[in-house]
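What follows is a short report on a single structure.
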Amino acid sequence: MLVSTDQLMITYSNYKSPRNKISSLVKQGKLIPLKRGLYESEASVPGYELAGCLYGPSYISFEYALFYYGMIPERVTVYTSATFRKNRSKEFINDFGVYTYKDVPSNAYPQGYIRVEGEFYPFLIAEREKALCDYLSILPPIRGKKDFKEYLFDGMRLDEEEFEDMDFARLCKYASLYHKTNLDQLIRLVE
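Numbering-wise (the numbering used here), the sequence shown opens with residue 553 and increments by one.
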């Protein structure tokens, strides 16, 4: 269960030193620190279910979402999430993993993600099409249709069958929100 330092201070207010009690619970492994002021009491929670609790508003996207959907073959061990108007990247490291947060444009942020009921907590994750757009939006521009296609299927090893199964109308709708060279290339590729 997620619990804040403030909640723990109230729970252990009858102790002489509530902070010492919290430290003791951490040492015993009964509380796992997530970030300053936030703990998890269940060690078996999948790390991706905690991503939205650490920094927000955010949804899981970029490489982790592409891996989650089976669109890239490599195992992704960093929980990557999209945010907006933060004007900087953010990273948290804890016992559950490494969490990174990167901005996407404000007009692109509120579209293309879904709520999934996890084993312990619900979480937000980009749709397949949106995850690809988010990922391409943070890369340096790739010039030329041939180079772009080569990067998609050889560089990032995007599964061609999974790509063909995407909703291209939705993909183009999301891609048009970014005003980025790579997303313009993606639109030209699917048209």
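Note that the Cβ used here is the ideal one computed from N, Cα and C, for glycine as well. Note that the structure is predicted; figures quoted are calculated from it, not measured.
Where do the N-terminal and C-terminal ends of the alpha helix (DSSP H) with residue i fall, by residue?
i    : result
E712 : 712 to 716
E702 : 697 to 702
P570 : 570 to 579
R667 : Note, R667: premise wrong, no alpha helix (DSSP H); beta strand (DSSP E) at 665 to 669.
Could you tell me the alpha carbon to alpha carbon distance between residue i and residue j, rounded to whole angstroms?
i    : j    : result
L684 : E643 : 21 Å
K579 : T733 : 50 Å
L710 : L554 : 35 Å
E592 : C605 : 11 Å
Y651 : E743 : 35 Å
P657 : I612 : 15 Å
V628 : S689 : 19 Å
A727 : L741 : 12 Å
E626 : T635 : 24 Å
P692 : S556 : 39 Å
K638 : K654 : 8 Å
S633 : S576 : 32 Å
I624 : E716 : 14 Å
Y687 : I562 : 42 Å
Y564 : Y661 : 40 Å
I694 : E714 : 22 Å
H731 : E712 : 25 Å
I560 : N566 : Note on identity: in this sequence residue 560 is Leu, with Ile being the wrong assignment. Cα to Cα, L560 sits roughly 11 Å from N566.
D699 : D719 : 23 Å
Ends of the beta strand (DSSP E) at residue i?
i    : result
K646 : Lys is not the amino acid found at residue 646; the sequence shown has Asn there. 642 to 646 is the extent of the beta strand (DSSP E) around N646.
T632 : 630 to 635
S689 : That residue, S689, is in no beta strand (DSSP E); its alpha helix (DSSP H) goes 680 to 689.
D736 : It is not in any beta strand (DSSP E) - D736 instead sits in the alpha helix (DSSP H) that spans 733 to 742.
D655 : 649 to 655
E781 : A query on residue 781 cannot be resolved here, the shown segment of the chain reaching from 553 to 743 and no further.
I562 : Run containing I562: none in the beta strand (DSSP E); it sits in the alpha helix (DSSP H), 557 to 563.
Which residue wins for smallest C-alpha separation from residue i, given the options the options?
i    : options                : result
S596 : G604, Y607, V668, K582 : K582
K682 : Y621, E594, G649, D558 : Y621
K697 : V668, I666, L735, R667 : L735
G589 : Y673, D558, N566       : D558
L666 : I562, S610, N566, Y567 : In the sequence as presented, Leu is not what sits at residue 666; that position holds Ile. It is S610 whose Cα lies nearest to the Cα of I666.
E668 : D699, L602, Y661       : Note that residue 668 is Val in the sequence shown, not Glu. Looking at the Cα atoms, L602 is the closest of the given residues.
With a cut-off of 8 Å, does the C-beta of residue i fall near any C-beta of chain C?
i    : result
I694 : Reference to chain C is not applicable here, since this structure consists of a single protein chain.
Can you round the beta-carbon distance between residue i and residue j to whole angstroms, since I take them to be within the 8 Å contact cut?
i    : j    : result
G670 : P598 : 7 Å
Q663 : L729 : 7 Å
Y607 : Y631 : No, Y607 and Y631 are not in contact; Cβ-Cβ is about 11 Å, not under 8 Å.
K587 : N646 : 7 Å
F672 : E594 : 6 Å
Is there contact here, the region 697 to 704 with the region 722 to 731, by at least three beta-carbon pairs under 8 Å? no
Between the region 597 to 617 and the region 677 to 694, are three or more C-beta pairs nearer than 8 Å? yes
Does the region 638 to 653 come into contact with the region 564 to 578, if we say contact requires no fewer than three beta-carbon pairs (one atom in each stretch) closer than 8 Å? no
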